[in-house]
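Working notes for the structure below.
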Amino acid sequence: GVLEAIGPHALTGAGTKETSPITFAGGTLRYGTDATTDAANPAPVTTDWSAQVAGSTGPVSVDTDGKDVYVAQAFGDKTGASGRLVKTGAGALTLTGAQTVSVVVVEEGTLAVAAQAEDWTSSLVLRPGTSLTLAGTPSLLKLGGLVATNATLVLDPKDAVEVGGTLELVDVKIEFTSAPALNDADELFTCQGEVSAATARTIRRAIAKLATADGTHAIAEMTTDPGTGKTHIKVHVKEDLGPIGPEGTTT
Numbered sequence: 017g018v019l020e021a022i023g024p025h026a027l028t029g030a031g032t033k034e035t036s037p038i039t040f041a042g043g044t045l046r047y048g049t050d051a052t053t054d055a056a057n058p059a060p061v062t063t064d065w066s067a068q069v070a071g072s073t074g075p076v077s078v079d080t081d082g083k084d085v086y087v088a089q090a091f092g093d094k095t096g097a098s099g100r101l102v103k104t105g106a107g108a109l110t111l112t113g114a115q116t117v118s119v120v121v122v123e124e125g126t127l128a129v130a131a132q133a134e135d136w137t138s139s140l141v142l143r144p145g146t147s148l149t150l151a152g153t154p155s156l157l158k159l160g161g162l163v164a165t166n167a168t169l170v171l172d173p174k175d176a177v178e179v180g181g182t183l184e185l186v187d188v189k190i191e192f193t194s195a196p197a198l199n200d201a202d203e204l205f206t207c208q209g210e211v212s213a214a215t216a217r218t219i220r221r222a223i224a225k226l227a228t229a230d231g232t233h234a235i236a237e238m239t240t241d242p243g244t245g246k247t248h249i250k251v252h253v254k255e256d257l258g259p260i261g262p263e264g265t266t267t
């Protein structure tokens, strides 16, 4: 079922320090239409809900319902179908804990990772129209896997994603909050093994479409280390590169 919280103190009891922790057993926690403030105890919806979540015996589902929700908690060391953290609803879910569920699925809205370095064992799936943002501070996000289709990655310069398993990107857009420095070659992705031709094409095209304020453009550089078997993908801004137009191709 669905538990709708209509205020940041909905699970604690207004004006008290007592908690009524919940355990996820396959249901959904939704941040309701009045969840931006609590009349008796005004507080932003970004209040940390970690103390109100006791754990999970099944999949975790969070519906942000157009709100920006902050949770500084690592969701549970679960596997298989019980190890799913699903984010639905418009708005953003910001996580700072290192997630150890088997997979995090973003069905709607934005998933934000706020810490400077997060080592997830979880895989991340981004559905069409969703986004992942590491904006805020230069970040390194380590994932068990990353699969994204028609999604957007929002990054600061020098942000990087390291993937221990599958890296599969289809028609993904990459946006930087500010232009990477001219002539810098910054690591963007690292993954185990070689990437597929489709993923390589998506990355090259997404990076080639980047334009900086002074009119320079970027190129993706991909190399595979024969010693480690890892593929390193860098974004390199150069003066002599032009953008790829709608009919352009990459190799």
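Residue numbers for the sequence shown, in our numbering: 17 to 267. Don't be surprised by glycine CBs; every beta carbon is placed ideally from N, CA and C.
Beta-carbon within less than 8 Å of residue i's beta-carbon, same chain only, minus the 5 sequence neighbours each way: which residues are those?
{"i": "T215", "result": "L183, E184, L185 and V186"}
{"i": "D172", "result": "L150, A151, G152, T153, P154, S155, F192, T193 and S194"}
Measure the alpha-carbon distance for residue i versus residue j and round it to whole angstroms.
{"i": "R220", "j": "M238", "result": "9 Å"}
{"i": "L142", "j": "T218", "result": "15 Å"}
{"i": "P242", "j": "E134", "result": "26 Å"}
{"i": "P262", "j": "A224", "result": "In this predicted model, P262 has a pLDDT of only 39, less than 50, meaning its place in the structure is not dependable; the value taken from the coordinates is given anyway. Distance between the alpha carbons of P262 and A224 is about 12 Å."}
{"i": "A197", "j": "V251", "result": "10 Å"}
{"i": "A14", "j": "A213", "result": "No answer is possible for residue 14: the residues shown for the chain start at 17 and end at 267."}
{"i": "A88", "j": "T165", "result": "27 Å"}
{"i": "A114", "j": "A234", "result": "31 Å"}
{"i": "A236", "j": "E123", "result": "28 Å"}
{"i": "G125", "j": "L226", "result": "23 Å"}
{"i": "P75", "j": "L148", "result": "21 Å"}
Going along the chain, which residues of its own chain have a beta-carbon closer than 6 Å to the beta-carbon of residue i, five neighbours each way excluded?
{"i": "G82", "result": "A106 and G107"}
{"i": "C207", "result": "V179, L183 and T247"}
{"i": "F205", "result": "V177 and I249"}
{"i": "T11", "result": "Any question about residue 11 goes unanswered here, given that the chain covers just 17 to 267."}
On the DSSP bridge list, what partners appear for residue i?
{"i": "A213", "result": "DSSP output for A213 lists no bridge partner at all."}
{"i": "A202", "result": "In the sequence as displayed, the identity of residue 202 is Asp instead of Ala. In DSSP, D202 forms a bridge with V251."}
{"i": "S139", "result": "V119 and G161"}
Kindly list the residues whose CB is nearer than 7 Å to the CB of residue i, restricted to its own chain and excluding five residues on each side of it in sequence; keep chain order.
{"i": "G160", "result": "W136, T137, S138, S139, G180 and G181"}
Would you mind working out which of the options sits nearest residue i, comparing C-alpha positions?
{"i": "D202", "options": "V120, V253 and V122", "result": "V253"}
{"i": "R100", "options": "T112, S118, A88 and L111", "result": "S118"}
{"i": "G145", "options": "A167, V129, K158 and V163", "result": "A167"}
{"i": "K158", "options": "P75, V129 and E210", "result": "V129"}
{"i": "V211", "options": "S147, K189 and L162", "result": "L162"}
So within the region 148-200, which uninterrupted beta strand (DSSP E) runs reach at least 3 residues, ignoring any that extend past its ends?
156-159, 161-165, 168-171, 176-179, 183-186 and 189-192
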